[in-house]
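Its first residue numbered 2, the sequence shown is counted upward by one per residue in the numbering used here.
For glycine and all other residues, C-beta sits at the position ideal for the given N, C-alpha and C.
Computed from a predicted structure; not experimentally measured.
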Amino acid sequence: MVNEIEELKAIKEAEEKSRNEISEADSKCRESLLKTKKEAEEAILSTREKLRLEREEQIALMKKNMEKKRKEEIDSTLKECESMKYSGTENDLYKEAIRKLEELIRD
């Protein structure tokens with residue numbers, strides 16, 4: 002009877018030890034999963050921020066290029082206007098305009 006009691010105690014201790022080991026392994030697994038999840042979320046946020054900054058840089062560059070192009074167009078238009086200043090009569094001006102239109106149509 003004493004041996005049976007000792008055996009039951011040993012079995013109970015083994016079961017308790019096994020439960021503790023399983024619980025520890027489960028805790029480690031959960032911690033590892035949480036750590037991995039957190040790292041993945043941080044990587045995603047970092048990538049999003051990087052992409053956002055790249056987009057902002059591209060937009061700024063596009064705006065700069067558009068502004069440069071706009072200024073070039075304005076300068077070009079002003080030069081054209083200056084070259085079109087005419088000191089003749091109004092009738093001569095119309096004749097010149099018609100001549101330029103005819104040239105454009107031919108081209």
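Rounded to whole angstroms, the separation of the alpha carbons of THR48 and LYS38 is 15 Å. Distance from the CA of MET67 to the CA of LEU34, rounded to the nearest whole angstrom, comes to 49 Å.
Annotation for ASP93: the continuous alpha helix (DSSP H) segment containing it runs 91-107. In the three-state reduction of the DSSP assignment, MET67 falls in the helix class, which pools H, G and I.
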